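Letter 28 of the sequence shown, counting from 1, is numbered 1050 in my numbering, and no numbers are missing. Right, one structure below, let's go through it.
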Amino acid sequence: MLNFTPISFQSSDGLALYARDYAALADESRPLAPVPAHLPVICLHGLTRNSADFDELAPAIARMGRRPERRGA
1023 MLNFTPISFQ SSDGLALYAR DYAALADESR PLAPVPAHLP VICLHGLTRN SADFDELAPA
1083 IARMGRRPER RGA
């Protein structure tokens, strides 16, 4: 199950932006890795793709204590 908070934003020039904010996931077999505060992981898909391209990668990064953000709908 993907655990994320959807975020929508409209830029000043009218561009609609979409992101997914993943909370860090607990993994009993691996403690959360230390991460400096405010260090983002940003995944950008290609022109004809969408945020679902990272559905497998994002939870893996979140288990390490990192919170991926993705642009695109």
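Backbone N, C-alpha and C define an ideal beta-carbon position, used for all residues, glycine too. A quick note: this is a predicted structure, and the numbers were derived from the prediction, not measured.
- In the three-state scheme derived from DSSP, where H, G and I count as helix and E and B as strand, Ala1045 is classed as coil.
- Bounds of the beta strand (DSSP E) holding Leu1066 are Val1063 to Leu1066.
- In this chain, the beta strand (DSSP E) harbouring Thr1027 covers Phe1026 to Gln1032.
- If you draw a straight line from the Cα of Asn1025 to the Cα of Ala1045, it is about 7 Å long.
- Beta-bridge partners of Ala1038 (DSSP): Gln1032.
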